[in-house]
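Report on the structure given below.
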Amino acid sequence: AQKITQTQPGMFVQEKEAVTLDCTYDTSDPSYGLFWYKQPSSGEMIFLIYQGSYDQQNATEGRYSLNFQKARKSANLVISASQLGDSAMYFCAMSRGDNTGKLIFGQGTTLQVKP
Amino acid sequence: GAVVSQHPSWVICKSGTSVKIECRSLDFQATTMFWYRQFPKQSLMLMATSNEGSKATYEQGVEKDKFLINHASLTLSTLTVTSAHPEDSSFYICSSKPGLHLEQYFGPGTRLTVT
Chain A
1 AQKITQTQPG MFVQEKEAVT LDCTYDTSDP SYGLFWYKQP SSGEMIFLIY
51 QGSYDQQNAT EGRYSLNFQK ARKSANLVIS ASQLGDSAMY FCAMSRGDNT
101 GKLIFGQGTT LQVKP
Chain B
1 GAVVSQHPSW VICKSGTSVK IECRSLDFQA TTMFWYRQFP KQSLMLMATS
51 NEGSKATYEQ GVEKDKFLIN HASLTLSTLT VTSAHPEDSS FYICSSKPGL
101 HLEQYFGPGT RLTVT
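First to last, the protein sequences are chains A and B.
Each step along the first sequence adds one to the number in the working numbering, with nothing skipped, and position 82 is 82.
Each step along the second sequence adds one to the number in the working numbering, with nothing skipped, and position 2 is 2.
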């Protein structure tokens, strides 16, 4: 069975500093996708970044980068130069390789950026 | 990116009544939509997969007679919470993945409160 684990319920970071949000996963599928979503207090889910299981390079999207370590089954999100608007809940998610499109979400990490 | 809308954004209903939530894909055709449920400060839990023109498939533990899903067109899926009870109070979010896109796009969510 697939599982996503986020072990940090809450994190604090100083504005302009970088922060790493942890995510580990477990799957027996050879093909899968890993996603990070941001959920502000408004509730909307905002897509941040995607990493495919066969991608050789770590994904990057602006200030977001995904530290993908396949052997360790980890897909940590790195946010550089944190901004006050980054304060939100962050979810790591995994899609199956069966093209069903279903996502399994981790427990989430609440990030607070301090001015 | 693709746009998914939900209506209503929030609803309060009395115990025993039914409430319908709409999920629309505004700029793409969605043969598949997903319905999630989220309790405060918790993760998203997949409830069911809505398939256009056919029956929805429900995740284990989700009562299909209580959470009726209809996907009558390529742009609209509805979730009806029948005979709602206070324990059904939650945040309901739909999502869809257009065509060859890797990421799912989420609606803004519907906050249901049953009194």
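For each residue, glycine too, the CB sits at the ideal point set by N, CA and C.
Please read these numbers as outputs of a predicted model, since none were measured by experiment.
| Check | Outcome |
| --- | --- |
| Counting pairs of beta carbons, one from the segment 44–51 of chain B and one from the segment 14–22 of chain B, are three or more of them closer than 8 Å? | no |
| Residues in the segment 36–47 of chain B with C-beta within 7 Å of chain A's C-beta atoms, listed in sequence order? | Ser43, Leu44 and Leu46 |
| Check whether the segment 7–15 of chain B and the segment 32–45 of chain B touch, using three or more Cβ-Cβ pairs below 8 Å as the test. | no |
| Could you name the residues of the same chain whose beta carbon sits closer than 8 Å to that of proline 86 of chain B, not counting the 5 residues immediately before and after it, in chain order? | Ser15, Val114 and Thr115 |
| Leaving out the 5 sequence neighbours to the left and right, which residues in its chain are closer than 6 Å to threonine 125 of chain A when beta-carbon positions are compared? | Since the first and last residues shown for chain A are 1 and 115, residue 125 of chain A lies out of range. |
| Note down, one range per segment and in chain order, each beta strand (DSSP E) of at least 3 residues found wholly within the segment 38–86 of chain A. | 46–52, 64–69 and 74–79 |
| Using the DSSP secondary-structure output, state which residues sit across from glycine 16 of chain B in a beta bridge. | None, per the DSSP bridge assignment. |
| What residues of chain A sit near glutamine 29 of chain B, judged by a beta carbon separation below 9 Å? | In chain order: nothing, as chain A lies at least about 14 Å away. |
| Using only the alpha-carbon positions, how far apart do isoleucine 79 of chain A and threonine 100 of chain A sit? | 30 Å |
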